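In what follows, a single structure is set out as structure tokens and then discussed.
Numbering (the working numbering), first residue to last: -11 to 356.
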């Protein structure tokens, strides 16, 4: 009985071990299948993206800066002497020639002094003539004759002073130009500090503007610039004639002066101008859509499509407009750039090209 019982126990243990092994194998098989199923479920389909091929393009860069129209000559007209204004010939807004009489100051007192001196000179000349005859016969001393001649010369000098003062009572235009508004009226007492009117030479206008120091190499004497004034879309031309001797330390910009080409009466000194400076064409610029740029905290990136893999690369950008931007460094001509789905694209992700975007055509004007 004991032998039968022992065999029964051994058989039962063996059967239990076999059952445990079978269950363990099935469990591992099920776990493996479950893992494979989970991994297959995590594998997402390849992302479809739009791309563009970076090819060299021709662009014409330009920069726009504010400017001011100024007259080549402008000044306030003041009287040289004090006195009462007896004549005013200011036709507001009229053109006058150089030397035209603008105003006249009271000079009757000077005229009276002139007549008095002229009478004295006549007597002095006669006296000197008589003494000259007496000197020849030694009727007077040489000293007496010299004193008579000196008196005559002094009177002539006084007459010259009076005539000069009379000339200063006449106010004339210093150059040909356009008169402004008159500031005084006839009868007013004026001094050398009194402003009668303004005069500007509007037939030869200047265009003054400043240019950031990074572009000063483009602004050389003889370079043509273009500008527009407020309320007009007409594009006027000007030629650079001079630049300041140095760059301003405060604004880091260079003052530039140019001469306006032509004589357009619609251009007024003091008017604001939008100055456009065109640079030499760039025939090797790589232009891509601005939407392809990924902004970073310290730079910008692009996603480059290489053999079906997404590669992130740092780039340096140049000029841009509303839809395109220049890539200065970071990519080469012929690289394929991803333009859509950038938020979901990960580094080294597999991509499928959905659409090839037509490359940017030559751009004639990129404004900075």
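All C-beta atoms in this analysis are idealised placements derived from N, C-alpha and C, irrespective of residue type, glycine included. Here the structure is a predicted model, which is why all the values come from computation and not from measurement.
Candidates the options, of which the one nearest residue i by Cα
i, options, result
"residue 196", "309, 229, 134", "229"
"residue 285", "302, 271, 296", "302"
"residue 80", "150, 167, 171, 90", "167"
"residue 49", "271, 337, 283", "271"
"residue 226", "210, 237, 236, 233", "210"
"residue 265", "214, 43, 231", "214"
"residue 109", "183, 199, 145, 75", "145"
"residue 52", "200, 342, 116", "200"
"residue 183", "63, 58, 310, 151", "63"
"residue 179", "192, 133, 157, 115", "157"
"residue 86", "69, 65, 325, 70", "65"
"residue 56", "267, 170, 258, 93", "258"
Test item: CB-CB of residue i and residue j under 8 Å
i, j, result
"residue 111", "residue 119", "no"
"residue 256", "residue 290", "no"
"residue 194", "residue 246", "yes"
"residue 67", "residue 174", "no"
"residue 161", "residue 73", "no"
"residue 47", "residue 314", "yes"
"residue 143", "residue 102", "no"
"residue 397", "residue 91", "Because the chain is modelled from -11 through 356, residue 397 falls outside the range shown and cannot be assessed."
"residue 276", "residue 312", "yes"
"residue 330", "residue 293", "no"
"residue 122", "residue 130", "no"
"residue 333", "residue 35", "yes"
"residue 337", "residue 298", "yes"
"residue 191", "residue 251", "yes"
Under the three-state DSSP convention, the category residue i falls into
i, result
"residue 102", "helix"
"residue 314", "strand"
"residue 203", "helix"
"residue 107", "helix"
"residue 135", "helix"
"residue 222", "coil"
"residue 331", "coil"
"residue 268", "coil"
"residue 126", "coil"
"residue 194", "strand"
Nearest-angstrom Cα separation, counted from residue j out to residue i
i, j, result
"residue 361", "residue 261", "Nothing can be reported for residue 361: it is not among the residues displayed for the chain, which extend from -11 to 356."
"residue 335", "residue 300", "6 Å"
"residue 99", "residue 218", "53 Å"
"residue 30", "residue 316", "Because residue 30 sits at a pLDDT of 48, beneath the cut-off of 50, its placement in the model cannot be relied upon, and the following sentence gives the value as read from the coordinates. C-alpha separation (whole angstroms): 39 Å."
"residue 220", "residue 287", "39 Å"
"residue 207", "residue 37", "44 Å"
"residue 83", "residue 165", "5 Å"
"residue 296", "residue 40", "14 Å"
"residue 95", "residue 149", "13 Å"
"residue 203", "residue 235", "12 Å"
"residue 147", "residue 138", "14 Å"
"residue 327", "residue 282", "10 Å"
"residue 136", "residue 117", "9 Å"
"residue 155", "residue 212", "45 Å"
"residue 324", "residue 310", "22 Å"
Closer than 8 Å to chain B by CB, residue i
i, result
"residue 305", "Within the model displayed, chain B is absent; a lone protein chain is all it includes."
Any non-hydrogen atom of the ligand MG closer than 7 Å to residue i Cβ
i, result
"residue 81", "As presented, the structure is devoid of all ligands, the ligand MG included, so that no description of it is given."
Closer than 8 Å is the cut-off here; do at least three beta carbon pairs connect the segment 171 to 189 with the segment 235 to 249?
Fewer than three beta-carbon pairs drawn from the segment 171 to 189 and the segment 235 to 249 are found closer than 8 Å, and the two stretches are therefore not classed as touching.
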